[in-house]
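Chains A, B, C, D, E, F and G are the protein sequences, given in the same order.
Per the UniProt record's numbering, residue 1 is the first one in the first sequence, and the count goes up by one each step.
Per the UniProt record's numbering, residue 1 is the first one in the second sequence, and the count goes up by one each step.
Per the UniProt record's numbering, residue 1 is the first one in the third sequence, and the count goes up by one each step.
Per the UniProt record's numbering, residue 1 is the first one in the fourth sequence, and the count goes up by one each step.
Per the UniProt record's numbering, residue 1 is the first one in the fifth sequence, and the count goes up by one each step.
Per the UniProt record's numbering, residue 1 is the first one in the sixth sequence, and the count goes up by one each step.
Per the UniProt record's numbering, residue 1 is the first one in the seventh sequence, and the count goes up by one each step.
Inspection log for the structure reproduced underneath, given as structure tokens.
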Amino acid sequence: MQGQAQQQAYDRGITIFSPDGRLYQVEYAREAVKRGTASIGIRTDDGVVLAADKRSRSPLMEPTSVEKIHKADNHAGIASAGHVADARQLIDFARRQAQINRLRYSEPIGIETLTKEVTDHIQQYTQVGGARPFGVALLIGGIEDGEPRLYETDPSGTPYEWKAVSIGANRGDLQEYLEENYADGLDLDGGIELALRALATSNDDTLEPAGVDVATVSVDTEEFHELDNDEIERHLTDLDLLPSEDDEDADDGEE
Amino acid sequence: MQGQAQQQAYDRGITIFSPDGRLYQVEYAREAVKRGTASIGIRTDDGVVLAADKRSRSPLMEPTSVEKIHKADNHAGIASAGHVADARQLIDFARRQAQINRLRYSEPIGIETLTKEVTDHIQQYTQVGGARPFGVALLIGGIEDGEPRLYETDPSGTPYEWKAVSIGANRGDLQEYLEENYADGLDLDGGIELALRALATSNDDTLEPAGVDVATVSVDTEEFHELDNDEIERHLTDLDLLPSEDDEDADDGEE
Amino acid sequence: MQGQAQQQAYDRGITIFSPDGRLYQVEYAREAVKRGTASIGIRTDDGVVLAADKRSRSPLMEPTSVEKIHKADNHAGIASAGHVADARQLIDFARRQAQINRLRYSEPIGIETLTKEVTDHIQQYTQVGGARPFGVALLIGGIEDGEPRLYETDPSGTPYEWKAVSIGANRGDLQEYLEENYADGLDLDGGIELALRALATSNDDTLEPAGVDVATVSVDTEEFHELDNDEIERHLTDLDLLPSEDDEDADDGEE
Amino acid sequence: MQGQAQQQAYDRGITIFSPDGRLYQVEYAREAVKRGTASIGIRTDDGVVLAADKRSRSPLMEPTSVEKIHKADNHAGIASAGHVADARQLIDFARRQAQINRLRYSEPIGIETLTKEVTDHIQQYTQVGGARPFGVALLIGGIEDGEPRLYETDPSGTPYEWKAVSIGANRGDLQEYLEENYADGLDLDGGIELALRALATSNDDTLEPAGVDVATVSVDTEEFHELDNDEIERHLTDLDLLPSEDDEDADDGEE
Amino acid sequence: MQGQAQQQAYDRGITIFSPDGRLYQVEYAREAVKRGTASIGIRTDDGVVLAADKRSRSPLMEPTSVEKIHKADNHAGIASAGHVADARQLIDFARRQAQINRLRYSEPIGIETLTKEVTDHIQQYTQVGGARPFGVALLIGGIEDGEPRLYETDPSGTPYEWKAVSIGANRGDLQEYLEENYADGLDLDGGIELALRALATSNDDTLEPAGVDVATVSVDTEEFHELDNDEIERHLTDLDLLPSEDDEDADDGEE
Amino acid sequence: MQGQAQQQAYDRGITIFSPDGRLYQVEYAREAVKRGTASIGIRTDDGVVLAADKRSRSPLMEPTSVEKIHKADNHAGIASAGHVADARQLIDFARRQAQINRLRYSEPIGIETLTKEVTDHIQQYTQVGGARPFGVALLIGGIEDGEPRLYETDPSGTPYEWKAVSIGANRGDLQEYLEENYADGLDLDGGIELALRALATSNDDTLEPAGVDVATVSVDTEEFHELDNDEIERHLTDLDLLPSEDDEDADDGEE
Amino acid sequence: MQGQAQQQAYDRGITIFSPDGRLYQVEYAREAVKRGTASIGIRTDDGVVLAADKRSRSPLMEPTSVEKIHKADNHAGIASAGHVADARQLIDFARRQAQINRLRYSEPIGIETLTKEVTDHIQQYTQVGGARPFGVALLIGGIEDGEPRLYETDPSGTPYEWKAVSIGANRGDLQEYLEENYADGLDLDGGIELALRALATSNDDTLEPAGVDVATVSVDTEEFHELDNDEIERHLTDLDLLPSEDDEDADDGEE
């Protein structure tokens, strides 16, 4: 009862510090991220790979409507995990920042700059009253000055740069898998395969083509490219990850 | 008592995260949706069908005043479930967006664009303080680039695209019915029949013509068309769903 | 005690959802409507009848000062039940909308349009913080395109169209009476008689001329007409509803 | 304890509905009115009489400083009961409305119009957050189109028109006295006598000239006239209401 | 415990009514007045006398820095009791009003007008949220149209006019003393003596010249005049009120 | 437990009155002052002396960075005790007021005027919601019209003028020491010595030169002068107050 | 339980004083600082050294993305400890202040001025409602007028100047280490070695080159210089602090 009463005190009104220096609303927003299905980012020598688990709630739902990976600009993509409606707000914010950069400086926005404008925006929602934090984590990947870059944003508004990273459900297991299996010198296909194998670990080592989103931004083209169903199926076939039967779960507004 | 005290903490003031990363006010708004009578959307090859259960509280109430399906623009309709007064606000918002699009670009607004402008609007009410979330779900259906499209919006502000979907009371059973009975290649009449049969399942397999709203947007005309009483009666007769006696219930501001 | 603690949680600050999807402040506002004396609306072929029970608190109070029926525009009247001071605000709002319509379009405002502008206004007070909902229900009756129309607004901001309807105290009994006794093809006098008989049922089948307000908007004249004491007395005499002795009660700001 | 906990819930922050549809803050404001000494209004054929009990807290206090009756405009007066500082705000508001009317339309403001502008102002303080209701009731009397009019405003913002009415302490007894003793066809002196006799009933049937305020607005002059000490003493002598010894009580900011 | 819980309910946020119609924050502000040392005002035929007990906290404190009496304008002075910092705000407000009056109308502001502008300002802080009431009472004395006038303002914003009045500590006893000893026809010196004798009653019938402030506004000069130490000592000597030894107490921000 | 519950009621939201007329937040701010190390002001015939205990938290901390005495203008200095960051705000405010005065009137601001502008600023933070009071007391000393003046401001916003005064830790003991040892006719050196002896009493009658700040504003120069380490050491040597070993304590943001 | 209930009272809404004069939200923000990994600043005769422990959460995280030391301007650097997203806000604020200074005065901003603009900004967040304090401490080091300067800012907004200082985890032990080992006359390399040895004490006397950030601002160049991996490794080799095996921990948004 004590623990509960204590929690209540830090949940009301605005985001404030607990006696041990934590921001409960931000930590609870991290729980909203964990309730979403996983997204994975892999930085390879040839570009960045974004992949996402997007299990549909029903066979009648259009798989394309469960958006987990979005184009932010020609040279940049964003994968999300957590509260879907919040993700949409941040992605729109990122797109506007990218457009403004092109208008002002006639050049694509740097991936680090883009990430930090997003995290500054997120931070404001954790300090100023009258709104709750964003319940979503993002992976922002793209090409900057010819180099692949991959960033994570979390609900506190902290940016992290990664070689390979997982957000959302089962982050602990997936990150461990990535640490064990990531190797320098990967090409894009290697990155796609690592991402798919990782996602499959939490799904009995199988994946439906329609249940996964994959996108790349290659160093060569500097173009965001979303793989179509056939491309994904080809990868899954090569990796022997295609299921014999499907498995669908419902979740509520978190992916 | 613990559970109750905990709930109270997350219900006051603004919409904030619970320790497990949920937004209680949004989940309670989903309960308001479930308190409303059901609406169903069916996407067929020939267009979109919207159908809604609209039981009147009294034989003296004008059936037309229980509005469950609305024209959003020439080529788009909206069905709702939940808090009626909230639905009216969102539908007015959608209509204004559609008009603005015609004025600015001299063309009908895309169904996906329309849906996302509505869900962005809904999301704001779940993050910024000083107002409660919208207690209503919408089905937005219409024709975009010659193709039928059908979307759902929920109180979190998440958009979903569907082949066939149910919102409001008995969603679980109705969605199950749709999954079992939906087939690709339906024409508009097939869509109407599937929607009416589904709605009838929660009403002892009967429906009053005045107790149901049906509208279509066909690929051919790209025009929103609301079926009149006679058309609906003809369908119900064909389907043998006309009741021998009527059954009226009261509800309070939810439909 | 649990129920009470739970209620408290949803009563403070702004209007928010309860765990079962209800808006308690709106439901409590409906209780304020029930605390007011009854008003009745009847739609006949020849026009709309509005009637209201307006028991005075004291023989020294001017009966005309207990306003239950108001002219909204030449062709439209409004009866109210509930918190009197709130009713005055909404009626003033309705009058301004009607005037604006005449100024802008040089024609009388449609009864449906008028009703929906009022209900949109009411809805705002149930969603945006910083104010309580309106504790009043209205009956809005008038002529639109030569047709009689009769609407109800409730504290949630939902509009309903009726053939015959009762708001305020004893709604359940009065509505049942109307359902049993309403018949299509009524003329205005038939409507007045039905309304008076219904109001009398909750008053030992008697009514004081000064204790009731009656107004009509006929299809012929399209003019709001409030019956004077003699006209009302003549109707009550015809219907044998005049009491042998009077009976006065006090209430506080609700009528 | 339950009742108390429940009350607390509806007393905080803004004025909101209780589960039975009541506005506690407004009802508590009515208690503030009851804590004030009584004021009485009488409408006669020849004009309106306002009278007020204004017991001083100390023989050293200037009796004129306990203002209970105020001139609102040449043709209108206002008596108050309840929180004095609140009364002053409303009376200033009324005076400004009367002046504005003279400036705009070059004619005296109607008594009904004046009353309703005051009650609309009062109502706002019961619905919009950030302020408490006014803890005062007013009697507004004057001449409109040659006719005497007498209105009451209460803390909910409801206007009532009366032939004779009492506000403040002992309202129940005083109103009963007025109902038993008021007769049509009174002249101004008859009205003054009725008011003084009524006030005296709660004071052992005696009144100090300095302990009562009396003012009239006659149909003939259409001028607000406040009786001086001698005039009041003459009336009290005629009515045999002069006390043999005085009796002074203290109260705090309510009169 | 009940009383305490009940009090808490009315102390938070803004100033609201208690169930018995009282404004607790205003009543608590009256307690702040009682915590201050006494001030006395006497109206004589020749002018107004203001006197104040101003015990210093330490012999090292400059007696002049404990300001209890202030010049508001040439013809008007103000004595205070209660929260010193609040008094300074109101006195500055009063001075600005007096200056504005001189600028606008080229004449000294009326004492009644000045008082009522101050009380209207005070009242706002008791009704509108976001601030607490002023914890101070004022005595405003001066000459208006050749006549001496003496007013009191209290934390509710009510103005009272007095012949002789005491505010602050021991008001009950001091007011009783004034009632017993005040007589019409006093001259200024008589007024000063009455004030000093009254203040001395709560100090073992002695007063230090440095422990009391005295000021007058005479009808002749219409000038605010603050007595210097010698003048006060002369009066105290004449009245045999000089102490044999001094007595100093500390208080916190209330005088 | 009762006392605690009661305290809680007055600590939330804004600064409000307790039932006995106290402002708890202001009293708690006074506690913040007591948590700071002592500052002392002495008014002598030749000028004002400000002295402050400024124990450093660590031998590595720059002693000059623990600012306790500040130049407000050429002719005025300010010493503080309490919350350091709050002190900086008020000192900046005072400096701006002094500059504005020079710009507007081409003359140095009066010490009394400067003090009262600061206390008015402080008072606002005790009455208007949305901010907490300042947790700091100031000593403002300087020359006005050739005369030395010394003022104290406290967290309520009350100004006091002193011959000699102590703020911060051990105020009771230090003020008692000053009362016993202050004598009229002191010169500046006498004032410095009294201040240093007083500060030493709470430090085993020793002081480190680096552990004390001393500044003067002399009548001759009308210039603020901060003593350097050597000057202070010379005084301490003369007074035999130099310690044999040092003693350092930590505190958190209060000095 | 008492302690807990008491804490709750001071945690809600805005930052307010506790009965003993403390600001709990500021103290809790200091706990957030302690949760971050340590940063150290050393002032030497040749310039300022900033060093920071920056343990990565995963071998896949880019060490450069865990930013603990930032360039504020050519001549100034900032190290942080605590809530990373908050640190970014303050560092951006500091950079803007430095740029504004260069634009306005065409010269580098003073390190003391820069620090005080940052602490004034921090203080506002501890006094005005609607936001929480910053959960971060900064070390601001640079060259001002040819002299090395080193400042600390804490969550209360207090600036401190240091010869050598540690913020973040293990402050107590690290500060003790610095006090024992700091000596006047250090050169830059000596400063770097002291900082690295201190950081290593809390890490079993070993440091990974990638796990530590080091930067200098030398008096000679007046340029901020961040050491690269090789430079750091050379220092660690010289100091025999290189580990035989690595050790990685996770933390959440605090560094």
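Every residue, glycine too, gets a C-beta built ideally from N, C-alpha and C.
Nothing here was measured: the structure is a model prediction, and the numbers come from that model.
Using a Cβ-Cβ cutoff of 8 Å, what residues of the segment 85–104 of chain B are near chain C? List them in chain order.
So the list reads ALA85, ASP86, ARG88, GLN89, ASP92, given in the order they occur along the chain.
Let me know the beta strand (DSSP E) ranges lying completely inside the segment 38–65 of chain G, each 3 residues or longer, listed in chain order.
Every beta strand (DSSP E) stretch that sits fully inside the segment 38–65 of chain G and reaches 3 residues is listed by chain position as 39–44, 47–53.
Per DSSP, which one or two residues make a beta bridge with A:GLU226?
Along the first sequence, one-based indexing puts residue 226 of chain A at 226. Looking at the DSSP assignment, A:GLU226 forms a beta bridge with A:ALA215.
Using only CA atoms, which one of A:VAL165, A:ASP120, A:GLN25 lies nearest to A:SER80?
Locating residue 80 of chain A in the first sequence gives position 80, where the first residue counts as 1. The residue from A:VAL165, A:ASP120, A:GLN25 with its alpha-carbon nearest to that of A:SER80 is A:VAL165.
Counting only beta-carbon separations shorter than 8 Å, does G:TYR28 have a partner in chain A?
Here the question's residue 28 of chain G lines up with position 28 in the seventh sequence. Taking Cβ atoms only, chain A reaches closer than 8 Å to G:TYR28, which makes this a yes.
To be precise: take each residue of the segment 139–165 of chain B, compare its Cβ to all Cβ atoms of chain A, and keep it if any distance is under 8 Å. Which residues remain?
The segment 139–165 of chain B vs chain A, Cβ under 8 Å: TYR151, ASP154, SER156, GLY157, THR158, PRO159, TYR160, GLU161, TRP162, LYS163, ALA164, VAL165.
Below 8 Å on the Cβ atoms is my contact criterion, and I expect G:ILE143 with G:HIS225 to pass it. Report the Cβ-Cβ distance as a whole number of Å.
Within the seventh sequence, numbered from 1, the residue matching residue 143 of chain G stands at position 143. Within the seventh sequence, numbered from 1, the residue matching residue 225 of chain G stands at position 225. Rounded to whole angstroms, the Cβ separation of G:ILE143 and G:HIS225 is 12 Å, and the two are not in contact under 8 Å.
Does the contact criterion of 3 or more C-beta pairs under 8 Å hold for the segment 214–223 of chain A versus the segment 56–65 of chain A?
With a cut-off of 8 Å, the segment 56–65 of chain A and the segment 214–223 of chain A do not count as touching, because too few Cβ pairs lie within range.
Checking 8 Å against the spacing of the C-beta atoms, do F:VAL66 and F:GLY135 come in under that value?
In the sixth sequence, the residue the question calls residue 66 of chain F occupies position 66. In the sixth sequence, the residue the question calls residue 135 of chain F occupies position 135. Result no, Cβ atoms of F:VAL66 and F:GLY135 do not sit closer than 8 Å.
Any Cβ of chain A within less than 8 Å of the Cβ of B:ASP173?
One-based indexing of the second sequence puts residue 173 of chain B at position 173. Cβ-Cβ to chain A under 8 Å: no for B:ASP173.
Beta strand (DSSP E) segment containing D:VAL165, residue limits:
Translated into the one-based positions of the fourth sequence, residue 165 of chain D becomes position 165. DSSP places D:VAL165 inside the beta strand (DSSP E), whose first and last residues are 164–167.
C-beta neighbour in chain B for A:ALA76, strict 8 Å:
Counted from its first residue, the first sequence places residue 76 of chain A at position 76. Using beta-carbon distances, A:ALA76 does not count as an interface residue toward chain B, since no partner is under 8 Å.
With E:VAL136 as the anchor, note down where its beta strand (DSSP E) starts and where it stops.
What you label residue 136 of chain E is simply residue 136 of the fifth sequence in a count that begins at 1. Element bounds for E:VAL136: 136–144.
Proximal chain E residues relative to D:LYS34, where beta-carbon distance stays under 7 Å:
For the purposes of this step, residue 34 of chain D is taken as the residue at position 34 of the fourth sequence. Listed along chain E, the residues sitting closer than 7 Å to D:LYS34 by beta-carbon distance are GLY21.
Minimum C-alpha distance to C:SER156 - residue among C:ASP238, C:LEU50, C:ALA137, C:LEU207:
Sequence index remark: in the third sequence, residue 156 of chain C carries index 156 (1-based). Of the residues C:ASP238, C:LEU50, C:ALA137, C:LEU207, the one whose Cα lies closest to the Cα of C:SER156 is C:ALA137.
B:ASN170 versus B:ILE140: straight-line alpha-carbon distance, rounded:
The sequence position of residue 170 of chain B within the second sequence is 170, counting from 1. The sequence position of residue 140 of chain B within the second sequence is 140, counting from 1. The alpha-carbon atoms of B:ASN170 and B:ILE140 are separated by roughly 20 Å.
Residues bridged to A:GLY77 (per DSSP):
Numbered from its first residue, the first sequence carries residue 77 of chain A at position 77. Per the DSSP secondary-structure output, A:GLY77 pairs in a beta bridge with A:LYS71, A:GLY141.
Where does the unbroken alpha helix (DSSP H) through D:TYR125 begin, and where does it stop?
Position 125 of the fourth sequence, counted from the first residue, corresponds to residue 125 of chain D. In the DSSP assignment, D:TYR125 falls within the unbroken alpha helix (DSSP H) covering 111–127.
I think residue 266 of chain A touches A:ALA38, with their Cβ atoms under 8 Å apart; what is that distance to the nearest whole Å?
Any property of residue 266 of chain A remains undetermined from this structure, which presents chain A solely from 1 to 255.
Which of the three DSSP states is assigned to C:TYR151 in this structure?
Residue numbering aside, residue 151 of chain C sits at position 151 when the third sequence is read from its first letter. DSSP, reduced to helix, strand and coil, places C:TYR151 within a strand of the structure shown.
Anticipated Cβ contact below 8 Å, C:LEU236 with C:LEU207, distance rounded
Taking the first residue of the third sequence as 1, we reach residue 236 of chain C at position 236. Taking the first residue of the third sequence as 1, we reach residue 207 of chain C at position 207. The C-beta distance from C:LEU236 to C:LEU207 rounds to 6 Å, short enough to meet the 8 Å contact threshold.
Answer with yes or no whether the minimum CB distance from E:GLU180 to chain D is below 8 Å.
To locate residue 180 of chain E, count along the fifth sequence from 1; it is residue 180. Not closer than 8 Å to any Cβ of chain D, the Cβ of E:GLU180 fails to qualify, so no.
Counting contacts by CB-CB distance shorter than 8 Å, is F:ILE16 in contact with chain E?
Translated into positions along the sixth sequence, residue 16 of chain F becomes position 16. True, the Cβ-Cβ gap to chain E drops below 8 Å.
Residue range of the alpha helix (DSSP H) that A:GLU27 falls in?
If you number the first sequence from 1, residue 27 of chain A lands on position 27. First-last of the alpha helix (DSSP H) with A:GLU27: 24–34.
Can you tell me whether DSSP reads C:PRO159 as helix, strand or coil?
Taking the third sequence and counting its residues from 1, the one referred to as residue 159 of chain C is at position 159. Three-state DSSP puts C:PRO159 in a strand.
From the DSSP output, in three-state form, read off G:ALA131 for me.
Your numbering for residue 131 of chain G matches position 131 in the seventh sequence. Three-state result, G:ALA131: strand.
Does the beta carbon of D:LEU242 come closer than 8 Å to any beta carbon on chain C?
To locate residue 242 of chain D, count along the fourth sequence from 1; it is residue 242. For D:LEU242, the answer is no, since every Cβ of chain C falls outside 8 Å of its Cβ.
Alpha carbon to alpha carbon, how far is G:GLY41 from G:THR126?
The residue you call residue 41 of chain G lines up with position 41 of the seventh sequence. The residue you call residue 126 of chain G lines up with position 126 of the seventh sequence. The C-alpha of G:THR126 is placed about 25 Å away from the C-alpha of G:GLY41.
Which residues in chain G sit within 7 Å of A:GLY129, going by Cβ to Cβ distance?
In the first sequence, counting from the first residue as 1, residue 129 of chain A sits at position 129. Close to A:GLY129, with beta-carbon spacing below 7 Å, are these residues of chain G in chain order: GLY130, ALA131.
Establish whether the CB of A:THR119 and some CB of chain I are separated by less than 8 Å.
In the structure shown, chain I cannot be found, because the protein chains are A, B, C, D, E, F and G.
Straight-line CA distance for A:LEU241 to A:LEU186?
Mapped onto the first sequence, residue 241 of chain A falls at position 241. Mapped onto the first sequence, residue 186 of chain A falls at position 186. The alpha-carbon atoms of A:LEU241 and A:LEU186 are separated by roughly 20 Å.
Just tell me which of B:ALA72, B:ASP120, B:LYS54 has its CA closest to the CA of A:ALA85.
For the purposes of this step, residue 85 of chain A is taken as residue 85 along the first sequence, with counting starting at 1. If we check each option's Cα against that of A:ALA85, B:ASP120 comes out closest.
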